[in-house]
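S.K.: As they're listed, the protein sequences go chains A and B. So for the first sequence, our numbering puts the first residue at 1; every next one is plus one. So for the second sequence, our numbering puts the first residue at 1001; every next one is plus one. The following block contains the structure, expressed as structure tokens.
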Amino acid sequence: MYIVKRFLTMLLTIWVIASLTFLIMKMIPGDPFASDADVLPEEVVENLRAKYNLDEPIPVQYIMYIKDLAMLDLGPSIQSETRTVNDIIADGIPASATLGLQAIVVALVFGLFLGIIAALNHNRLLDYGAMLFAIIGISVPSFILAPLLINFLAVKWGVLPVASWGTWQHSVMPTLALATTPLAVIARFMRSSMLEVMSQNYIKTADAKGLSSFKIVVSHGIRNAILPVVSFIGPLFVSLITGTFVIEKIFAVPGIGKYFVDSIFNRDYPVIMGTTVFFSAILVITLFLIDISYRLIDPRIKLTSKGDS
Amino acid sequence: MKKWLLPMSVMLAASTALTGCYGGGSAEEETSGDNADSGDIKQEIVVNAMSEPPAIDPALATDTTSGWVLDHIFEGLYTRDQEGNPVLGVAEDVAVSEDGTTYTFTLREDAKWSDGSQVTASDFEYAWKRVLNPDTGSSFAFYMYYIKGAEDYNKGNGSVEDVGITAVDDTTFEVQLNSPLGYFDSLLTLWTFYPVQQAAAEENENWAAEADTFVSNGPFEMAEWNHDSNVVIEKNDDYYDKDVVNLDKVTFELVNEATTYYQMFKTEELDLVMTLPTDVIASERENEEYVEVPYYGTYMYMFNVEQEPFTNAKVRQAFAMSVDRESLTENVTLGGETPAYAMVPDGAETPEGDFREVGGDYFKENAEEAKKLLEEGMAEEGWSELPEVTLMYNTSENHKKIAEAVQEMVSNNLGVDIKLANQEWGTYLDTTKQGNFQMARMGWIGIFVDPVVNLDYYLGDSPNNRTGWVNEEFDSIMAESKVEQDNDKRYELLHQAEEILMTDMPFMPVYFYKNNYLVSTDFEDVVYYVNRYPHLKWAEKTN
Chain A
1 MYIVKRFLTM LLTIWVIASL TFLIMKMIPG DPFASDADVL PEEVVENLRA
51 KYNLDEPIPV QYIMYIKDLA MLDLGPSIQS ETRTVNDIIA DGIPASATLG
101 LQAIVVALVF GLFLGIIAAL NHNRLLDYGA MLFAIIGISV PSFILAPLLI
151 NFLAVKWGVL PVASWGTWQH SVMPTLALAT TPLAVIARFM RSSMLEVMSQ
201 NYIKTADAKG LSSFKIVVSH GIRNAILPVV SFIGPLFVSL ITGTFVIEKI
251 FAVPGIGKYF VDSIFNRDYP VIMGTTVFFS AILVITLFLI DISYRLIDPR
301 IKLTSKGDS
Chain B
1001 MKKWLLPMSV MLAASTALTG CYGGGSAEEE TSGDNADSGD IKQEIVVNAM
1051 SEPPAIDPAL ATDTTSGWVL DHIFEGLYTR DQEGNPVLGV AEDVAVSEDG
1101 TTYTFTLRED AKWSDGSQVT ASDFEYAWKR VLNPDTGSSF AFYMYYIKGA
1151 EDYNKGNGSV EDVGITAVDD TTFEVQLNSP LGYFDSLLTL WTFYPVQQAA
1201 AEENENWAAE ADTFVSNGPF EMAEWNHDSN VVIEKNDDYY DKDVVNLDKV
1251 TFELVNEATT YYQMFKTEEL DLVMTLPTDV IASERENEEY VEVPYYGTYM
1301 YMFNVEQEPF TNAKVRQAFA MSVDRESLTE NVTLGGETPA YAMVPDGAET
1351 PEGDFREVGG DYFKENAEEA KKLLEEGMAE EGWSELPEVT LMYNTSENHK
1401 KIAEAVQEMV SNNLGVDIKL ANQEWGTYLD TTKQGNFQMA RMGWIGIFVD
1451 PVVNLDYYLG DSPNNRTGWV NEEFDSIMAE SKVEQDNDKR YELLHQAEEI
1501 LMTDMPFMPV YFYKNNYLVS TDFEDVVYYV NRYPHLKWAE KTN
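Here it is in structure tokens:
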């Protein structure tokens, strides 16, 4: 019952987002057919408007849009004249998702590792080193890091190609650039969570029982400390796999990140709607799945989530 | 320890599994250095086209990136020689009726589609009528309005039967115009007039969306199109003039970030890049790989002649005279642009020589003169103080730098303080179209090379003319020039029209565009047209 209710809320959320986006989008001044400096004769523009159903009244356009959306048809792109929005997303998502998944893996592996090392060496040199790295990782934006990587790895040392897409070598630098900030965030998160767990009584009990410190750290420490990190991974995961404007642009990755931004500049209405709805759908579905999995894994979760943590 | 390793190895496995899913790219292995040593050079070039071509379809393309690919894989009745002049292409002969309105083209028998079949007159008929069909929604359909019945059909007032486009037989193609058109050959080099294979287009409505359904008739044919990543074209062995084509393969990479493609050129991942980052132009200018060519366009500030103070012609002239274009192009824009004192850029060949050189400059910069004109203008209008002026531009670093320099120059030379405002491009076009500006930036690039393309911009009924300036004399001379069959007289009329425009000055020209490229010195015979990106039909790799 809960799942059904939750599922319906999810559909409702997507519908609200789609409607709001539609409304806001129609309020921005501008016209998709004037994206070049030359303005076309009015009759030509009329033909174009008719082709994209923009000659209909806005409520009719809205109903047509929602109908198509229900059939998972996001419509034709105005800017990219021979492709549909479904094509654009289908062409772009493999590259974006590959990059995003790789970045998540790198961020998790090294972030957790760094966080744990820092926590276990609390207030010692390793801790300071790890946290210094984390602070740098958080404060250096990816659009600074990316050119630095290109300058050294590609231009000076020539070990990797500068940009473009096609082989695994092409994905190394964008993955690193994309992973650094989440890596640093995860490391700090994990460190504080781990410190808290390690001061709990059950850790002392385990120690008193005579368990090896390795076992204490792995099966009692990490296992408990990692839970808050998991909840933070959901939204991060969604934002990484749906592409990033800056990284994809700098490394010429054929992902969908740029469409989120360019579509607005081009007033490419179907693409604005399509990318927004796609992103929110993925986000809402991921949150839904995480929610369900919590309840399946740990029935207490709803009771304890409000109180102590 | 084993427990430790498990999650790690799972993650590693996941990351190696992921390497299987890189989309599209054809990572061809280079076959060692043997080829180069034996003097057998791989005839391949990798150029940067910056962004995904929106439509590689003759009927739908409106932009230079799509046009760049189209110009290589298609060929029209006319094509261009290495100097950029229109020459017969798919047509081997043309007969023009005495009144100049009926063109009868004889098509080459050996013109072939990339699937080996013949390019016929009915392919042209099909393609052109497809452009005019209102359902196609072609933005460039109006370039065909010179053809009889075309405008009515495209606007939904006439039928396709009345359009003056007829395939008489396989190799005879007849076109009827409303009136004679002096630059019809030039116009026919535009991609909108390319043929489309009827069979391919009818079989698959989306034939132009993916590489494998493409059929074309130019020097190259479509091989791969990895959306947002690259477009690959290969030599078309069915092309009638294939012996002049040296390259086997051209890859258009789609790298949008200036610093990135500049570095890709430096690491030899790209052989040709354009639109260099402004901070490197100064240092690259001495480089032998640097190429700077005129681009057939004008960067200008429009005056709204319906809003004070630009209702007065003398005030407009004063503003135009107070800007030091030499200094602006040398210190601010840095791309080698040419200071502009007229509307039509360099590059339009006429029997007397270059149109710009024949026409000369229409005004000189002179601070003293400008001040005098401003005072006279203000006296004519009875203003004791000049109404406040705001200069608008669309949001961009470069436009901002130029506007700030102009603001400074007008302040120093004219003693007038102007304000600056900027808007994002889409909004900006709307605002200027509605006439909500006093002075606003605009650029105009000729889609084909004839002064008429530039001067038409300021016709009273031109949808581009945002200035509110309507001059009957100008309009009537332009109309006259279009039906004038004697080319010398036609250019004379165009000079007259430009003079009227430049005397009244509903805009002030700032500079004529230049394109700058970095091109690997390994390539020869890359051709630079003034209104297109480099043409590679004749290009050859020599090293």
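The C-beta atom is built at its ideal place from N, Cα and C for all residues, glycine as well. These numbers come from a predicted model, not from an experiment.
In whole angstroms, what is the alpha-carbon distance linking V1527/B and V1087/B?
M.R.: Residue mapping note: residue 1527/B aligns to position 527 of the second sequence, counting from 1. Residue mapping note: residue 1087/B aligns to position 87 of the second sequence, counting from 1. Cα-Cα distance, rounded: 15 Å.
S.K.: Between the region 1218–1238 of chain B and chain A, which residues of the former have CB atoms less than 7 Å from a CB of the latter, in chain order?
M.R.: N1226, H1227, D1228, S1229
S.K.: What residues in the region 73–94 of chain A bring their beta carbon closer than 8 Å to a beta carbon of chain B?
M.R.: Q79, S80, E81, T82, R83, D87, I88, D91, G92, P94
S.K.: Between P1309/B and V1389/B, which are expected to be in contact by the criterion C-beta below 8 Å, what is the C-beta distance as a whole number of angstroms?
M.R.: Numbered from 1 along the second sequence, position 309 holds the residue referred to as residue 1309/B. Numbered from 1 along the second sequence, position 389 holds the residue referred to as residue 1389/B. Between V1389/B and P1309/B the Cβ distance is about 7 Å, and since that is below 8 Å, they are a contact.
S.K.: Do the CB positions of D1228/B and L1270/B come within less than 8 Å of each other?
M.R.: In the second sequence, the residue the question calls residue 1228/B occupies position 228. In the second sequence, the residue the question calls residue 1270/B occupies position 270. Contact: no.
S.K.: By the DSSP assignment, the beta strand (DSSP E) with T98/A in it spans what residues?
M.R.: Taking the first residue of the first sequence as 1, we reach residue 98/A at position 98. Unbroken run through T98/A is the alpha helix (DSSP H), 85–120; no beta strand (DSSP E).
S.K.: To the nearest angstrom, report how far apart Y1362/B and A1049/B are at their CA atoms.
M.R.: Position 362 of the second sequence, counted from the first residue, corresponds to residue 1362/B. Position 49 of the second sequence, counted from the first residue, corresponds to residue 1049/B. Taking C-alpha positions only, Y1362/B is separated from A1049/B by approximately 36 Å.
S.K.: Got a sec: is the Cβ-Cβ distance from V1510/B to anything in chain A below 8 Å?
M.R.: Residue mapping note: residue 1510/B aligns to position 510 of the second sequence, counting from 1. Judged by the 8 Å Cβ criterion, V1510/B is not in contact with chain A.
S.K.: Leaving out five residues on either side along the sequence, give the residues of the same chain with a beta carbon under 8 Å from the beta carbon of M1439/B.
M.R.: As a position in the second sequence, residue 1439/B is number 439, starting the count at 1. Once the five neighbours on either side are set aside, the close Cβ partners of M1439/B are Y1301, M1302, F1303, N1304, F1310, F1319, V1389, T1390, L1391, M1392, I1418.
S.K.: So T82/A and L1060/B are supposed to be a Cβ contact under 8 Å. How far apart are they, rounded?
M.R.: Taking the first sequence and counting its residues from 1, one reaches residue 82/A at position 82. Taking the second sequence and counting its residues from 1, one reaches residue 1060/B at position 60. Their Cβ separation, rounded to whole angstroms, is 7 Å, which keeps T82/A and L1060/B in contact under 8 Å.
S.K.: Which word fits G1023/B, buried or exposed, when buried means at least 16 other C-beta atoms lie within 10 angstroms of its C-beta?
M.R.: Position 23 of the second sequence, counted from the first residue, corresponds to residue 1023/B. Residue confidence for G1023/B is low, a pLDDT of 40 falling below 50, so the modelled location carries little weight; the figure read from the coordinates is stated next. Classified as buried, G1023/B has 16 or more neighbouring CB atoms from the shown chains inside 10 Å of its CB.
S.K.: At a Cβ threshold of 8 Å, is L1429/B touching chain A?
M.R.: Taking the second sequence and counting its residues from 1, one reaches residue 1429/B at position 429. Yes, L1429/B lies at the interface with chain A (some Cβ there is under 8 Å from its Cβ).
S.K.: Quick check on the burial criterion: 16 or more other C-beta atoms within 10 angstroms. Buried or exposed for W157/A?
M.R.: In the first sequence, counting from the first residue as 1, residue 157/A sits at position 157. Flag for W157/A reads exposed.
S.K.: How would you call D1169/B, buried or exposed, if buried means at least 16 neighbouring beta carbons within 10 angstroms?
M.R.: Taking the second sequence and counting its residues from 1, the one referred to as residue 1169/B is at position 169. Residue environment for D1169/B: exposed (fewer than 16 other C-beta atoms within 10 angstroms of its C-beta).
S.K.: Mind checking the region 136–168 of chain A against chain B and listing, in chain order, the residues whose C-beta falls within less than 8 Å of any C-beta there?
M.R.: P147, I150, N151, A154, V155, G158, P161, V162, A163, S164, W165, G166, T167, W168
S.K.: Please go through the same chain and pick out, in chain order, the residues whose beta-carbon is closer than 6 Å to the beta-carbon of T84/A, but skip the five residues on each side of it.
M.R.: Here residue 84/A refers to the residue found at position 84 of the first sequence. Result list for T84/A: P76, in chain order.
S.K.: Can you list the residues of chain A that S1139/B reaches, using a CB-CB cut of under 8 Å?
M.R.: For the purposes of this step, residue 1139/B is taken as residue 139 along the second sequence, with counting starting at 1. Scanning chain A for C-beta atoms nearer than 8 Å to the C-beta of S1139/B yields F33, L40, V44, L48, reported in chain order.
S.K.: Taking all protein chains shown into account, do 16 or more other C-beta atoms lie within 10 angstroms of the C-beta of P141/A, making it buried, or fewer, making it exposed?
M.R.: Looking up residue 141/A in the first sequence gives position 141. Around the Cβ of P141/A, a 10 Å sphere holds fewer than 16 other Cβ atoms; the residue is exposed.
S.K.: Tell me, to the nearest whole angstrom, how far the beta carbon of G1182/B is from that of N1487/B; I am working on the premise that it is less than 8 Å.
M.R.: Residue 1182/B sits at position 182 when you count from the first residue of the second sequence. Residue 1487/B sits at position 487 when you count from the first residue of the second sequence. Correct: roughly 6 Å between the Cβ atoms.
S.K.: Tell whether a beta-carbon distance below 8 Å holds between I216/A and A225/A.
M.R.: Numbered from its first residue, the first sequence carries residue 216/A at position 216. Numbered from its first residue, the first sequence carries residue 225/A at position 225. Not in contact: I216/A and A225/A (Cβ atoms no closer than 8 Å).
S.K.: What residue from T13/A, W168/A, F7/A, E46/A has the CA that sits closest to V253/A's CA?
M.R.: Walking along the first sequence from the start, residue 253/A turns up at place 253. Answer by Cα proximity: W168/A.
S.K.: Relative to the C-alpha of L1414/B, which residue among L1374/B, H1399/B, L1429/B is closest?
M.R.: Locating residue 1414/B in the second sequence gives position 414, where the first residue counts as 1. Out of L1374/B, H1399/B, L1429/B, L1374/B has the C-alpha closest to the C-alpha of L1414/B.
S.K.: The alpha helix (DSSP H) with L1328/B in it runs from where to where?
M.R.: As a first step, residue 1328/B is located in the second sequence; it is residue number 328 there, counting from the start. That run of the alpha helix (DSSP H) goes 1325–1328.
S.K.: Beta carbon of G1076/B, beta carbon of V1090/B: below 8 Å?
M.R.: Residue mapping note: residue 1076/B aligns to position 76 of the second sequence, counting from 1. Residue mapping note: residue 1090/B aligns to position 90 of the second sequence, counting from 1. Cβ atoms of G1076/B and V1090/B: closer than 8 Å.
S.K.: Flag F1124/B as yes when its Cβ comes closer than 7 Å to any non-hydrogen atom of the ligand GDP, and as no otherwise.
M.R.: Only the bare structure without any ligand can be found here, which leaves the ligand GDP out of the picture.
S.K.: What residue ranges within the region 1–48 of chain A form continuous alpha helix (DSSP H) runs of no fewer than 4 residues, ordered along the chain?
M.R.: 2–27
S.K.: Any beta carbon from chain A within less than 8 Å of F979/B's own beta carbon?
M.R.: Limits of chain B in this structure are 1001 at one end and 1543 at the other, which puts residue 979/B out of reach.
S.K.: Quick check: is the beta carbon of K26/A nearer than 8 Å to any beta carbon in chain B?
M.R.: Counted from its first residue, the first sequence places residue 26/A at position 26. Judged by the 8 Å Cβ criterion, K26/A is not in contact with chain B.
S.K.: What is the DSSP secondary structure of M1274/B, counted as helix, strand or coil?
M.R.: As a first step, residue 1274/B is located in the second sequence; it is residue number 274 there, counting from the start. Correct three-state label for M1274/B: strand.
S.K.: Which residues in the same chain as A1211/B place their Cβ atom closer than 7 Å to its Cβ, once the five residues preceding and following it in sequence are excluded?
M.R.: As a position in the second sequence, residue 1211/B is number 211, starting the count at 1. Answer for A1211/B: M1222, A1223, E1224, W1225, listed in chain order.
S.K.: Mind listing, in chain order, the continuous alpha helix (DSSP H) runs of no fewer than 4 residues lying wholly within the region 1482–1520 of chain B?
M.R.: 1487–1504
S.K.: Would V1552/B pass as a contact of T1350/B if the rule is Cβ separation under 8 Å?
M.R.: Lying before the first or after the last residue shown, residue 1552/B is absent from chain B, which here runs from 1001 to 1543.
S.K.: Which residues in the same chain as D1238/B place their Cβ atom closer than 6 Å to its Cβ, once the five residues preceding and following it in sequence are excluded?
M.R.: Here residue 1238/B corresponds to residue number 238 of the second sequence, with the count starting at 1. Only K1112, S1114, G1116 meet the Cβ criterion.
S.K.: What residue ranges within the region 1444–1488 of chain B form continuous alpha helix (DSSP H) runs of no fewer than 4 residues, ordered along the chain?
M.R.: 1451–1455, 1472–1483
S.K.: Contact between the region 1145–1154 of chain B and the region 1192–1208 of chain B is defined here as three or more beta-carbon pairs at a separation below 8 Å; is this criterion met?
M.R.: no
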